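For reference, the structure discussed in these notes is given below.
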Amino acid sequence: MSLGQEASVEEEVKAHSLEFYKSKNNGKWYWRIKAANGNIIGASSQGYVRRDDCEYNSKSVAVSVVNHEFGN
Numbered sequence: 006m007s008l009g010q011e012a013s014v015e016e017e018v019k020a021h022s023l024e025f026y027k028s029k030n031n032g033k034w035y036w037r038i039k040a041a042n043g044n045i046i047g048a049s050s051q052g053y054v055r056r057d058d059c060e061y062n063s064k065s066v067a068v069s070v071v072n073h074e075f076g077n
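Spelled out as structure tokens, the structure:
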């Protein structure tokens, strides 16, 4: 990936938003990532009783993605 492509990807990622929400069905906390166009591009696969645990999980996923070497 060239430097220009990296800058482009970084700008695109900054346009995404991370949301935390409490389900009306089960009262648990979930997270989701929305693209600039509003499409959901990532979401938690389980609910959390505490918002803190939900936030921790979202950070854990983000660190895993950042540390992953794509193309291998």
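The working numbering puts the first residue of the sequence shown at 6, with every later residue one more than the last.
Idealized CB from N, CA, C, for every residue including glycine.
Just so it is clear, the structure is predicted and the values come from calculations on it, not from any experiment.
{"Asked": "8 Å Cβ cutoff met for K39 and Y53", "Found": "no"}
{"Asked": "Own chain, CB closer than 7 Å to L23, minus 5 neighbours either side, in chain order", "Found": "W36, I38, S63"}
{"Asked": "Cβ distance (whole Å) where R56 is taken to contact F25 below 8 Å", "Found": "6 Å"}
{"Asked": "Given I45 as reference, the closest of N31, N72, H21 once Cα atoms are compared", "Found": "H21"}
{"Asked": "Cα-Cα separation between S65 and K29, rounded to whole angstroms", "Found": "25 Å"}
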